[in-house]
Amino acid sequence: MEERTVTQDGTAHRMTSPFVVLATQNPVEQEGTYRLPEAQLDRFLFKLNVGYPTLAEEVQILQGHHSGFGGTSLERVKPVLSAQDLAALRQQVGQQRVEANVLEYIAKIVGQTRAHKALYLGASPRASLALLNGAKALAALRGRDFVTPEDVQTLAAPVLRHRIMLTPEREMEG
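In UniProt numbering, the protein residues as written are 1 to 174.
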């Protein structure tokens with residue numbers, strides 16, 4: 001994913017920018033699903049837990065499906081911004097100010113995952129980078145040109161939840 005290439009039948013294809021991978025993850029207990037290796041999980045920026053829709057949301061899904069806007073109606077989807085607009089936004093995010101204390105805060109959060117006795121596997125430096133980049137984007141979305149510790153806190157769980165593993169003893173405890 002980070003290399004922005006896709007391999008098909010042994011042939012590597014370079015992807016153009018923007019290149020984004022979105023994936024769903026079914027519970028391992030379901031038939032036909034397999035646990036991803038830690039190295040692959042680490043390459044995903046966030047893991048979001050979506051949950052089930054509310055009653056009103058599910059009714060809206062049903063209405064949309066009934067009126068012909070089902071999963072195969074991609075031609076009705078309209079872009080909200082161009083690739084050039086996205087590139088400009090990425091550049092803006094890259095220019096966010098991050099004070100040294102916020103960088104240290106990120107490093108401490110991620111570092112604690114490596115020292116905690118209940119964790120078999122702590123988060124890699126890639127998690128620190130994901131937390132930094134995500135916090136920069138969140139700050140921009142919130143209309144600021146600087147990152148706060150609150151931005152980091154907001155994204156800590158989505159960045160870390162798929163990158164850390166409990167010890168077998170803690171796993172059995174639930």
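Just so it is clear, CB atoms sit at the ideal spot from N, CA and C, and this is done for glycine as well. Given the structure is predicted, the values throughout are model-derived calculations rather than measurements.
Proximity winner among the options, relative to residue i (alpha-carbon distances)
{"i": "G134", "options": "G94, L55 and T5", "result": "G94"}
{"i": "H162", "options": "E58, P168, S67 and L41", "result": "L41"}
{"i": "N101", "options": "F146, L160 and E3", "result": "F146"}
{"i": "V152", "options": "M172, L62 and A107", "result": "A107"}
{"i": "R97", "options": "L36, A83 and G143", "result": "G143"}
{"i": "V110", "options": "A88, L155 and E3", "result": "L155"}
{"i": "P37", "options": "E169, E173, I164 and M172", "result": "I164"}
{"i": "E2", "options": "T16, A83 and Q63", "result": "T16"}
{"i": "H116", "options": "G32, R170 and Q60", "result": "R170"}
{"i": "A23", "options": "G10, Q8 and R43", "result": "R43"}
{"i": "R76", "options": "G64, R14, Q84 and G174", "result": "G64"}
{"i": "L131", "options": "E104, Y120 and L121", "result": "E104"}
DSSP-derived helix/strand/coil call for residue i
{"i": "L121", "result": "strand"}
{"i": "D90", "result": "It is Arg, not Asp, that sits at residue 90 in the sequence shown. Three-state result, R90: helix."}
{"i": "R97", "result": "strand"}
{"i": "L22", "result": "coil"}
{"i": "V50", "result": "coil"}
{"i": "V80", "result": "coil"}
{"i": "Y34", "result": "coil"}
{"i": "E58", "result": "helix"}
{"i": "E75", "result": "helix"}
{"i": "E104", "result": "helix"}
{"i": "G64", "result": "helix"}
Residue i and residue j closer than 8 Å at C-beta
{"i": "A118", "j": "L166", "result": "yes"}
{"i": "P158", "j": "F46", "result": "yes"}
{"i": "P18", "j": "L86", "result": "yes"}
{"i": "L160", "j": "A127", "result": "yes"}
Those residues which DSSP pairs with residue i across a bridge
{"i": "A5", "result": "Per the sequence shown, the amino acid found at residue 5 is Thr instead of Ala. Looking at the DSSP assignment, T5 forms a beta bridge with R14."}
{"i": "R43", "result": "In DSSP, R43 forms no bridge with anything."}
>> In chain order, what are the residue ranges of uninterrupted beta strand (DSSP E) at least 3 long that sit wholly in the UniProt domain "ChlI/MoxR AAA lid" (112-172)?
In response: Unbroken beta strand (DSSP E) runs of no fewer than 3 residues, entirely contained in the UniProt domain "ChlI/MoxR AAA lid" (112-172), are found at 119-121, following chain order.
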